[in-house]
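Working notes, beginning with the structure itself.
Protein chains: 2
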Amino acid sequence: MLTSVRSPRVQAVRRLTRRSAREAEGRFVVEGPQAVREALPWLLEVFVDASAAERHDELLASATCPVTRVSTAVLDALADTPSPQGVLGVAPLLDVPLERALGQSPRLVCVLEAVSDPGNAGTVLRTADAAGADAVVLTRGSTDPHGSKCVRASAGSLWHLPVVSGPPLVETVRAARAAGLSVLATTGTGGDDLDDLLDRGELAAPTAWLFGNEAAGLSDAALRLADRAVRIPVHGRAESLNVAAAAAVCLYASARAQRVGA
Amino acid sequence: MLTSVRSPRVQAVRRLTRRSAREAEGRFVVEGPQAVREALPWLLEVFVDASAAERHDELLASATCPVTRVSTAVLDALADTPSPQGVLGVAPLLDVPLERALGQSPRLVCVLEAVSDPGNAGTVLRTADAAGADAVVLTRGSTDPHGSKCVRASAGSLWHLPVVSGPPLVETVRAARAAGLSVLATTGTGGDDLDDLLDRGELAAPTAWLFGNEAAGLSDAALRLADRAVRIPVHGRAESLNVAAAAAVCLYASARAQRVGA
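Spelled out as structure tokens, the structure:
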């Protein structure tokens, strides 16, 4: 049982709250019972305090990696989020190469350019999973999907579909097009209204959606590279949608159009 | 110029970070230039530091309430969010009575039951505004829409449509039905698939959507009171959608169906 917050093993896990340490060591922390359950087959080690060990004995019994008992103080020191609920694990990074993620004739792909809020990124991952997307790509300059807030917001979806982290946007668009996807950029000033695309049946085609930064939107480069710039209709007085809400509207519009078209 | 963090005026504003103080005094704090701009006609007072006063001189010139210069230390002490960007205001609570919010033959209304995350509530407000909803109701037990995180996530939409805070769910559903709205409850186990409702044209009718708590979903009472329990199709392996993503999908499905049907 590990009780010292200052022990080298504890410090080694704590360092993983920093993106640079995660990238150097190729591993990240998965907090709370839900995420630990989803990640279980991949986990390298699990840490659990006494009360969580009792609550989750079945879960822990199915772990194939070492399980270490720790004091609640150590557990809290290991965690980046305020309530890890007594259990966390260390997993290898999930990053998948672009070619592999887009290699199986994808029909729906979600690309985030410079999305900076990890909660938004995690919510988009969860929504993309629900909409049946084949992959999510976070291009260079986006938040790290392995950060604790993104992992939590993804509610397990990080393990449900291929996630690509860090490729340049140009390379991503080229790979998407090579995979037969129509590339649609979302922007408030887009020339094509989402409803018109739906009316014309164009969303039945295999599609990669591009979504931009929370404040700045997509870059000019992204808008130039895309096949179309699409505007989500705003019927009220909001200036725009939150990026996770925009992704929900577009990905579900595609999912329905592809289902009806199929 | 106000420079003491301990001055009674500063303390009076700081207290408004607590819901109980906001309710007792009938006012709340609006942080950052975007929110201050939206709220300007209603503001009771504005606080600004030197650098923001320079950046936003046109905005401040159009204020009809007192504008007080404060030190940056005081501004930060007044604010609940980490980066108020040098300016904030105090506004009367926005709460509108249920009868008034639903009094103008509404076609699309969004009801949140026990939604606890203020960021989710604010994102739903912004999405409801964008989808052209006529009102948003947060029933008793939901987060306060006047909290700083909700105000920020709403990105100004709090001032764009009537927001009702605190009525009991039963009363809300009764009022919605009396206003001619079909009441649809969202739940993962709903008997009606959203796509099927769309196929049958049922979303063209005036609709109140009910969305539930992030963890527990809608209460059994809400499911019983609604006309239909609707399930958003999950094509992948996600267990469910985040409440703000679910609201985006449903509200935009209604907005499109009502537009096509009209």
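Here the protein sequences come in this chain order: A and B. Just add 965 to the spot in the first sequence (first one is 1) and you have my numbering. Just add 965 to the spot in the second sequence (first one is 1) and you have my numbering. Cβ coordinates follow ideal geometry from the N, Cα and C atoms, glycine included.
Asked	Found
Proximal chain B residues relative to Glu1204 of chain A, where beta-carbon distance stays under 8 Å	Ala1120 and Gly1121
Residue interval of the beta strand (DSSP E) (run including Thr982 of chain B)	Neither: Thr982 of chain B is in no beta strand (DSSP E) and is coded neither H nor E.
N-terminal and C-terminal residue of the alpha helix (DSSP H) that Pro998 of chain A is part of	Pro998 to Ala1004
C-alpha distance - Cys1115 of chain A paired with Pro1083 of chain A, whole-angstrom precision	5 Å
Arg971 of chain B, DSSP secondary structure in three states	coil
Closer than 8 Å to chain A by CB, Asn1207 of chain B	yes
DSSP three-state assignment for Thr952 of chain A, whether helix, strand or coil	Residue 952 of chain A cannot be examined here, being either before or after the span of chain A that is shown, 966 to 1227.
Nearest neighbour of Pro1171 of chain B, chosen from B:Pro1198, B:Asp1099 and B:Ser1113 [CA to CA]	B:Asp1099
Euclidean distance between Cα positions of Ala1056 of chain B and Arg1202 of chain A	20 Å
Beta-carbon proximity list for Ser969 of chain B, same chain, < 8 Å, skipping 5 on both sides	Val975 and Val1039
Three-state secondary structure assigned by DSSP to Arg987 of chain B	helix
Assumed close pair Leu1025 of chain A, Ala1220 of chain A - CB separation to whole angstroms, cut-off 8 Å	So it is not a contact: roughly 36 Å between Cβ atoms.
Gly1054 of chain B, enclosing beta strand (DSSP E) - first and last residue	Val1052 to Pro1057
Bridge-paired residues (DSSP) for Glu1010 of chain A	A:Val1055
Distance, Ser1113 of chain A Cα to Leu1126 of chain B Cα	35 Å
Residue-chain proximity (Gly1182 of chain A, chain B), Cβ-Cβ < 8 Å	no
Outcome for Ser1107 of chain A when other beta-carbon atoms lying within 10 angstroms are tallied against a minimum of 16	buried
Continuous alpha helix (DSSP H) stretch holding Val1138 of chain B: start and end	Leu1134 to Ala1143
For Leu1059 of chain B, the nearest candidate out of B:Glu988, B:Ala1169 and B:Thr1088 (CA to CA)	B:Glu988
Neighbour-count burial assignment, Ala1095 of chain B, 16 or more Cβ in a 10 Å radius	buried
Neighbourhood of Ser1016 of chain A by C-beta, 8 Å cutoff - its chain only, sequence neighbours within 5 removed	Thr1037 and Gly1051
Buried or exposed (CB count within 10 angstroms, at least 16 for buried), Leu1159 of chain A	buried
6 Å Cβ shell around Arg1193 of chain B - same chain, five flanking residues per side excluded	Leu1149 and Asp1157
Close-in-space but distant-in-sequence residues of the same chain around Ala1213 of chain A (CB under 7 Å, 5 per side omitted)	Thr1092
Minimum Cβ-Cβ distance from Gly1112 of chain A to chain B less than 8 Å	no
Three-state class that DSSP yields for Gly1201 of chain A in the structure shown	coil
Same chain, Cβ closer than 8 Å to Glu1064 of chain B, five either side skipped, listed in chain order	Ala1140
Interface residues of chain A facing Thr1088 of chain B [CB-CB closer than 8 Å]	Asn1207, Ala1209 and Ala1210
Cα-Cα separation between Glu1019 of chain B and Glu1019 of chain A, rounded to whole angstroms	59 Å
Residues near Leu1146 of chain B in its chain [Cβ-Cβ closer than 7 Å; skip 5 each side]	Pro1071, Val1074, Pro1171, Thr1172 and Ala1173
First through last residue of the beta strand (DSSP E) which encompasses Leu1077 of chain A	Leu1073 to Leu1077
Limits of the alpha helix (DSSP H) - the one that Val1061 of chain B falls within	Taken as a continuous stretch (DSSP letters only), Val1061 of chain B belongs to no alpha helix (DSSP H), as it is neither H nor E.
Leu1008 of chain A, buried or exposed, once every other Cβ within 10 Å from all chains shown has been counted against 16	buried
Proximal residues to Thr1029 of chain B (C-beta, below 6 Å), its chain only, five neighbours per side dropped	none
Collapsed DSSP secondary structure at Val1129 of chain A in the structure displayed	strand
Thr1154 of chain B: first and last residue of the uninterrupted beta strand (DSSP E) it sits in	It is not in any beta strand (DSSP E) - Thr1154 of chain B carries neither H nor E in the DSSP assignment.
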